[in-house]
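Chains as they are written, first to last, in our numbering: chain A, 63 to 402; chain B, 63 to 402.
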DNA sequence: AATTAATATGCAAACGTTTGCATAAAATTT
DNA sequence: AAATTTTATGCAAACGTTTGCATATTAATT
């Protein structure tokens with residue numbers, strides 16, 4: 063019975079050639095005659111031969127595989143990034159192995175060990191919330207395995223990073239509210255210990271400063287994880303104020319959506335009485351009524367950029383250790399929630 | 063310089079033992095003394111040795127890797143399934159390599175070749191829309207690589223399948239509308255050439271029959287891909303009817319949500335005047351007002367089940383070729399859109 | 001004390017490819 | 001015709017593990 067798959071040697075025996083010749087013929091090496099190449103190709107087709115890439119990887123110490131570590135795959139942002147990574151990697155002949163850290167530093171660390179053993183040629187990472195030390199990544203660094211971080215990137219750790227300009231995006235979003243005539247703009251922010259949410263708050267502040275608006279303490283609220291529920295709580299607080307805001311810049315779309323709903327239930331008209339801007343362009347932003355003005359963070363493009371950078375570093379000849387920080391352009395998608 | 067990573071042989075030399083002994087010690091083999099095991103473990107730690115799993119895979123012809131082919135990763139349903147797959151695989155010591163077919167049969171076919179060469183030990187697949195012949199999968203079958211299909215599964219091709227009972231779920235959803243008092247129930251369906259959408263329509267019909275409701279042709283509308291936009295179009299048609307329906311069973315949540323919005327804009331009260339039920343439990347179903355009653359298709363559990371079945375088949379001793387079809391239980395999540 | 005059984009370790013081949021170097025044959029130059 | 005270059009192919013080692021079998025040592029049984 064045909065127990066085993068055909069190998070180079072089988073092909074060689076069939077054709078009366080050496081295995082090395084077959085290997086080179088399949089690689090379209092110069093130095094192998096056209097005639098032989100054709101014979102080999104034909105026979106390979108006939109016997110259904112395909113290279114055992116594990117053996118090849120082993121011999122060449124090249125796996126053509128990159129690893130991706132994300133907190134969770136089922137978060138839309140990450141699934142978009144992964145989609146971008148897969149797309150670029152596929153076209154470059156690389157495979158993508160995915161891992162979820164589920165925000166556990168322990169699991170994240172174990173995954174880096176697996177990737178090391180499996181000889182991943184590079185790794186793309188979005189840090190979990192628990193991660194504040196980077197020893198496990200330094201280990202990969204020492205093994206000369208290129209790393210690219212995106213979104214939640216390490217601070218105080220030199221590394222390749224793909225980010226968006228959160229500060230500027232927030233600045234523009236807030237300025238947009240000012241431009242449509244808002245006079246008192248509130249902010250629903252995320253945890254200030256997370257870089258990106260801090261930057262969004264700073265951008266918001268800067269826009270107020272530029273336009274000489276006062277910063278009103280009771281218009282700024284930080285949430286733990288920008289959840290739908292927290293957004294509703296904050297919205298209720300804003301609603302209860304003697305003098306309500308007439309615009310809100312939210313650090314994500316979930317809180318923006320729940321705010322819209324809270325106000326609507328209380329007969330506050332959006333955008334007439336309060337204009338709202340979100341962040342991230344979640345699918346829901348195009349569905350909620352009124353459609354939500356939001357910042358398109360171009361997750362797919364982030365993924366593509368991360369893969370491109372990583373693969374470039376993998377294939378680079380010289381290993382002058384260098385890191386790159388790439389900022390992806392965002393765009394403000396103006397929709398009805400802020401159009402007057 | 064420490065150019066290369068430490069190998070078993072390095073360890074062996076350091077300890078004055080044979081490589082085989084080291085290998086066995088690290089495997090916690092019986093037949094290696096406790097003393098030696100400890101020595102080896104300590105030295106391994108000291109030199110930062112970890113097995114080269116490529117070499118191991120090569121020697122053992124076991125890669126501990128499974129492949130996943132989905133049309134697109136950024137569709138929420140698939141990202142949830144993948145999340146389930148990764149979760150189960152991780153706990154079983156397997157890695158997950160993902161590929162997007164982007165609904166191209168050509169790409170799907172090329173991916174199967176890659177998986178074959180890379181010695182994936184099994185593959186989980188959701189078919190692309192173009193796929194109607196299964197030769198590329200038969201090839202994997204012949205190589206004894208176990209396959210598990212989910213959601214969009216092949217017809218007329220014996221294979222492992224993870225599905226939900228679309229017929230029964232739709233039946234129950236429709237019956238629920240009847241129970242809350244709906245007398246004339248419409249249906250927004252998907253392409254009837256796709257098995258799952260056909261089954262949902264059949265389930266809807268069966269519930270009407272059971273309760274002796276007439277099937278009204280103008281209350282049933284099929285869309286091309288159950289998009290948000292198509293849902294709105296159908297809703298407008300239903301709205302224009304001289305005698306409107308008082309309940310709608312939609313084959314997914316997007317159409318259900320857009321129907322809700324169309325009716326609300328036209329001052330039709332949901333659920334009082336029209337009760338609505340969707341399908342799939344998308345995140346938006348918990349956000350839209352009123353919250354949408356929908357069928358939880360348990361995507362995460364489908365992923366877990368797919369991985370469990372696949373890994374069982376990979377590890378099974380006997381290769382009596384057999385296929386399994388596993389049906390995942392759905393549940394009807396009753397929310398405000400159908401509560402009177 | 002001699003035999004047997006149990007325990008611990010080593011030897012060497014194998015997995016399928018790739019690659020530097022050698023060699024043989026053909027083509028070109030002297 | 002001899003020497004040189006070019007072209008095409010083969011040889012054999014190597015990559016790092018694993019594993020069946022052999023062997024050496026110690027312990028247990030007669």
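Where a beta carbon is used, it is the ideal one built from N, C-alpha and C, also for glycine.
For this session: Provide the residue span of the alpha helix (DSSP H) that contains residue 362 (chain A), from first to last.
Result: Within the first chain, numbered from 1, the residue matching residue 362 (chain A) stands at position 300. Taken as a continuous stretch (DSSP letters only), the alpha helix (DSSP H) holding residue 362 (chain A) covers 361–377.
Which residues, taken in chain order from the segment 225–247 of chain B, show a beta carbon closer than 7 Å to some beta carbon of chain A? none
**Message:** Given a cut-off of 8 Å on the beta-carbon distance, is the pair residue 324 (chain A) and residue 238 (chain A) in contact?
**Reply:** As a working note, residue 324 (chain A) is residue 262 in the first chain. As a working note, residue 238 (chain A) is residue 176 in the first chain. No.
Exercise for review: Would you list, in sequence order, the uninterrupted beta strand (DSSP E) runs of no fewer than 3 residues that lie entirely inside the segment 240–323 of chain B?
Suggested key: 247–251, 282–284 and 309–312
inquiry  = Report the start-end ranges of each alpha helix (DSSP H) in the segment 97–176 of chain A that is 4 residues or longer and not cut off at the edges.
reply    = 115–122 and 138–153
In chain order, what residues of the same chain lie with their CB nearer than 7 Å to the CB of residue 243 (chain A), ignoring the 5 residues before and after it?
For the purposes of this step, residue 243 (chain A) is taken as residue 181 along the first chain, with counting starting at 1. Excluding residues within five positions, the ones whose Cβ falls inside 7 Å are 402.
Residue 217 (chain B) burial status per 10 Å Cβ neighbour count (16 or more: buried): Counting from 1 along the second chain, the entry for residue 217 (chain B) is found at position 155. Under this definition residue 217 (chain B) is an exposed residue.
Cβ-Cβ separation, residue 370 (chain B) to residue 392 (chain B) (assumed contact under 8 Å), whole Å: What you label residue 392 (chain B) is simply residue 330 of the second chain in a count that begins at 1. What you label residue 370 (chain B) is simply residue 308 of the second chain in a count that begins at 1. 18 Å between Cβ atoms; not a contact.
Using only CA atoms, which one of A:328, A:145 and A:252 lies nearest to residue 137 (chain B)?
For the purposes of this step, residue 137 (chain B) is identified with residue 75 of the second chain, where counting begins at 1. Considering only alpha carbons, the answer is A:145.
Sheet register partners of residue 388 (chain B) (DSSP bridge) = Along the second chain, read from residue 1 onward, the residue named residue 388 (chain B) stands at position 326. Its beta-bridge partners are B:224.
_Check for me: the beta strand (DSSP E) holding residue 395 (chain B) runs from which residue to which?_
Your numbering for residue 395 (chain B) matches position 333 in the second chain. Counting along the chain, the beta strand (DSSP E) containing residue 395 (chain B) begins and ends at 393–395.
Short CB-CB distance (under 8 Å) between residue 81 (chain B) and chain A: Taking the second chain and counting its residues from 1, one reaches residue 81 (chain B) at position 19. Closer than 8 Å: no.
Among B:328, B:368, B:312 and B:168, which residue has its Cα nearest to the Cα of residue 343 (chain B)?
Along the second chain, read from residue 1 onward, the residue named residue 343 (chain B) stands at position 281. Checking every option, the nearest Cα to that of residue 343 (chain B) belongs to B:312.
Whole angstroms are fine: how far does the CA of residue 88 (chain B) sit from the CA of residue 99 (chain B)? For this step, residue 99 (chain B) is matched to residue 37 along the second chain. For this step, residue 88 (chain B) is matched to residue 26 along the second chain. If I take the Cα positions, the gap works out to 7 Å.
- Query: Hey, residue 102 (chain B) and residue 70 (chain B): beta-carbon distance below 8 Å or not?
  - Reply: Residue mapping note: residue 102 (chain B) aligns to position 40 of the second chain, counting from 1. Residue mapping note: residue 70 (chain B) aligns to position 8 of the second chain, counting from 1. Going by C-beta atoms, residue 102 (chain B) is not nearer than 8 Å to residue 70 (chain B).
For residue 337 (chain A), the first and last residue of its enclosing beta strand (DSSP E): Here residue 337 (chain A) corresponds to residue number 275 of the first chain, with the count starting at 1. Segment 337–339, the beta strand (DSSP E) holding residue 337 (chain A).
Could you say which of B:84, B:257, B:168 and B:231 lies nearest to residue 268 (chain B) if we only look at CA atoms? On the second chain, residue 268 (chain B) is found 206 positions in, with the first residue counted as 1. With distances taken between Cα atoms, residue 268 (chain B) lies closest to B:231.
**Q.** Cutoff 8 Å: residue 109 (chain A) Cβ touching any chain B Cβ
**A.** By one-based count along the first chain, residue 109 (chain A) stands at place 47. Cβ-Cβ to chain B under 8 Å: no for residue 109 (chain A).
key: Nearest-angstrom Cα separation, counted from residue 272 (chain B) out to residue 378 (chain B)   = In the second chain, counting from the first residue as 1, residue 378 (chain B) sits at position 316. In the second chain, counting from the first residue as 1, residue 272 (chain B) sits at position 210. Here the alpha carbons of residue 272 (chain B) and residue 378 (chain B) stand approximately 44 Å from one another.
From the DSSP output, which residues share a beta bridge with residue 184 (chain B)? Position 122 of the second chain, counted from the first residue, corresponds to residue 184 (chain B). Partner(s): B:128.
Where residue 212 (chain A) sits in the DSSP three-state scheme: Residue 212 (chain A) sits at position 150 when you count from the first residue of the first chain. Strand, per DSSP.
- Query: Going along chain B, which residues have a C-beta under 7 Å from residue 120 (chain A)?
  - Reply: In the first chain, counting from the first residue as 1, residue 120 (chain A) sits at position 58. Those within 7 Å of residue 120 (chain A) in chain B are 116, 117 and 120.
Closer than 8 Å by C-beta to residue 202 (chain B): which residues in its own chain qualify, once you throw out the five before and the five after it? Chain order, please. Along the second chain, read from residue 1 onward, the residue named residue 202 (chain B) stands at position 140. Cβ contact annotation for residue 202 (chain B) (same chain, cutoff 8 Å, sequence separation greater than five): 174, 177, 178, 185 and 209, in chain order.
Pull the bridge partners of residue 358 (chain B) from the DSSP assignment, please. Counting from 1 along the second chain, the entry for residue 358 (chain B) is found at position 296. Answer is B:393, bridged to residue 358 (chain B).
Please state the DSSP three-state secondary structure of residue 207 (chain A).
Indexing the first chain from 1 puts residue 207 (chain A) at position 145. In this structure, residue 207 (chain A) counts as coil in the three-state DSSP scheme.
Please go through the same chain and pick out, in chain order, the residues whose beta-carbon is closer than 6 Å to the beta-carbon of residue 240 (chain A), but skip the five residues on each side of it.
-> Position 178 of the first chain, counted from the first residue, corresponds to residue 240 (chain A). Excluding five sequence positions before and after residue 240 (chain A), the CB atoms of its chain that fall closer than 6 Å to its own CB belong to 273, given in chain order.
- Under the three-state reduction of DSSP, which class applies to residue 331 (chain A): helix, strand or coil? On the first chain, residue 331 (chain A) is found 269 positions in, with the first residue counted as 1. Of the three classes helix, strand and coil, the one that applies to residue 331 (chain A) here is coil, per DSSP.
Check: Does the separation of the CB atoms of residue 5 (chain A) and residue 301 (chain A) fall below 8 Å?
Finding: Residue 5 (chain A) is absent from the structure shown; chain A starts at 63 and stops at 402.
Endpoints, alpha helix (DSSP H) assigned at residue 86 (chain A)
The residue labelled residue 86 (chain A) in the question sits at position 24 within the first chain. Note, residue 86 (chain A): alpha helix (DSSP H), 81–88.
(request) Measure the CB-CB distance between residue 159 (chain A) and residue 127 (chain A) and report whether it falls below 8 Å. (result) Here the question's residue 159 (chain A) lines up with position 97 in the first chain. Here the question's residue 127 (chain A) lines up with position 65 in the first chain. Cβ atoms of residue 159 (chain A) and residue 127 (chain A): closer than 8 Å.
*Kindly indicate which three-state DSSP category residue 346 (chain A) falls into: helix, strand or coil?*
Mapped onto the first chain, residue 346 (chain A) falls at position 284. DSSP places residue 346 (chain A) in helix when its eight states are reduced to three.
Item to complete: Give the secondary structure of residue 189 (chain B) by DSSP, where H, G and I count as helix, E and B as strand, and everything else as coil.
Response: What you label residue 189 (chain B) is simply residue 127 of the second chain in a count that begins at 1. In the structure shown, residue 189 (chain B) adopts coil according to DSSP, grouped into three states.
Item to complete: Rounded to whole angstroms, what's the CA-CA distance from residue 153 (chain A) to residue 366 (chain A)? Just pull it up for me.
Response: Position 91 of the first chain, counted from the start, is the residue given in the question as residue 153 (chain A). Position 304 of the first chain, counted from the start, is the residue given in the question as residue 366 (chain A). Cα-Cα distance, rounded: 11 Å.
C-alpha gap between residue 80 (chain A) and residue 75 (chain B), whole angstroms | Counting from 1 along the first chain, the entry for residue 80 (chain A) is found at position 18. Counting from 1 along the second chain, the entry for residue 75 (chain B) is found at position 13. Computed Cα separation, rounded: 35 Å.
What are the boundary residues of the alpha helix (DSSP H) that includes residue 75 (chain A)? Numbered from its first residue, the first chain carries residue 75 (chain A) at position 13. That run of the alpha helix (DSSP H) goes 70–77.
By alpha-carbon positions, which one of A:182, A:205 and A:200 ends up nearest to residue 373 (chain A)? Within the first chain, residue 373 (chain A) is the residue found at index 311, counting from 1. Nearest C-alpha to residue 373 (chain A): A:182.
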